[in-house]
DNA sequence: TCCTCCGATGTCAGTGACTGACGTCGACTG
DNA sequence: CAGTCGACGTCAGTCACTGACATCGGAGGA
């Protein structure tokens, strides 16, 4: 017989999402989350470095998806191909079954600036690591920085669309459409070739 | 004779930057900043909503520079032109005289994750408002979102380079070079359609 | 001139996020 | 069976931030 019920971390995460969704982030204390999970506040902070972090676990997996997508590209892939590959890699993460959960979580985040800050921070971290990965593949700066930034930006736009109830396409289709659109946008329609 | 010395806000900002630079952000309490500026902690929080915010004042002006750059574009400007215009508008902000100050401030930010979060948050806010401005100019979604995101991303990359001691070009030149590079990057060199 | 209202600040008490130190006790290991 | 360890509890403490109320020079009006 174990001294404590296992799965503390998961119970804390569930309790937190539930409480944040009903009462709001600010109106929920760390102590309340801990009690709802059957532990003490101190234990909460042993699992999560701060109150916001309880909503942002598993970003390493998201990062791995990005990097895996890059790794799966052929050695001579161009930067755009790598961006597309990264987006493709991450698409497996956002299957249709996850949409309800993602929406619930995102609603909580959208309702609180502090949580939005943390979300941006996580994305920026991924962007930084992606930049490093691209450099490792021989992409020089500033191309690596720009490509990684593009991947993260398109990911953000894709994610937002994917959550939209009016949007029915799967994640990877949205991502590719947006990447194509960006390509069309950013290519200056030179006046000479466009009479 | 005034009851209090004027310029409290500015004194607080200077004291904060100074203390953050020497002791570090976490090791500096709001009370210490206030005392260094000759006021109480409560007054600090009357001027700045939180401890980080003291470093991020004047973002409205940066936003205005972005929007001003957009406004100065001709009515039929393409999205890339608008992005370029926004970057051009913001370039006036980063004259060479500001580089030492910007570097000092950035060193403080780079040394602390919480400050980096706030910086990202400010940039995201600007991105959102820029998106709205582009929509107002008739750019539909998702082009508006992507273009604004591009502007902010290229701005970030430009700012980083501009701060680099090895970089001697002025802000706007770096920005345009990076935007061009992005255009080259993101345009898939499709052999079939590009004979 | 005097009064009155206002705005920037001080004072104080309180809440809640987070941390360090230490104790507890089942489980595992030799 | 003794010792170690990992996951948790307990407690006290610091600091970010907030609300309520007091203070008093100064600007404007009677």
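Protein chains in written order, with my numbering: chain A, 28 to 222; chain B, 28 to 222.
The beta-carbon is built from N, C-alpha and C at its ideal position, and this holds for glycine as well.
- Taking 9 Å as the Cβ-Cβ cut-off, the segment 175-200 of chain A approaches chain B at 176, 177, 179, 180, 181, 183, 184, 187 and 188, given in chain order.
- From the beta-carbon of residue 172/B, the residues of chain A found nearer than 7 Å are 184.
- Within the segment 150-165 of chain A, 151 place their CB atoms closer than 7 Å to a CB of chain B, listed in sequence order.
- Taking the Cα of residue 127/A as reference, the smallest distance to any Cα among 34/A, 190/A and 214/A is reached at 190/A.
- Cβ contact annotation for residue 100/A (same chain, cutoff 7 Å, sequence separation greater than five): 108, 109 and 112, in chain order.
- Assigned with DSSP and collapsed to three states, residue 191/A falls in coil, not helix or strand.
- Chain-ordered, the chain A residues with CB closer than 8 Å to the CB of residue 144/B read 144, 145, 147 and 148.
- Runs of the alpha helix (DSSP H) lying entirely within the segment 37-125 of chain A and spanning at least 4 residues, in chain order: 57-63, 68-74, 86-98 and 106-118.
- In terms of Cα proximity to residue 95/B, the closest of 54/B, 119/B and 84/B is 119/B.
- Within chain A, the residues placing a beta-carbon under 7 Å from that of residue 106/B are 212, ordered along the chain.
- Rounded to the nearest whole angstrom, the C-alpha separation of residue 50/B and residue 69/B is 22 Å.
- Taking the C-beta atoms as reference points, residue 82/A is found nearer than 8 Å to residue 135/A.
- In its chain, beyond the 5 residues on either side, 118, 121, 185 and 189 have a beta carbon closer than 7 Å to the beta carbon of residue 198/B.
- Cβ atoms of residue 161/A and residue 174/A come within 8 Å of each other, at about 6 Å.
- Residue 163/A carries a helical assignment under DSSP once its states are collapsed to helix, strand and coil.
- Leaving aside the five residues that flank residue 194/B on each side, the residues in its chain whose CB is nearer than 6 Å to its CB run, in chain order, 188.
- By the 16-neighbour rule on beta-carbons within 10 angstroms, residue 169/B is buried.
- Residue contact with chain A for residue 208/B: present (Cβ-Cβ distance below 8 Å to some residue of chain A).
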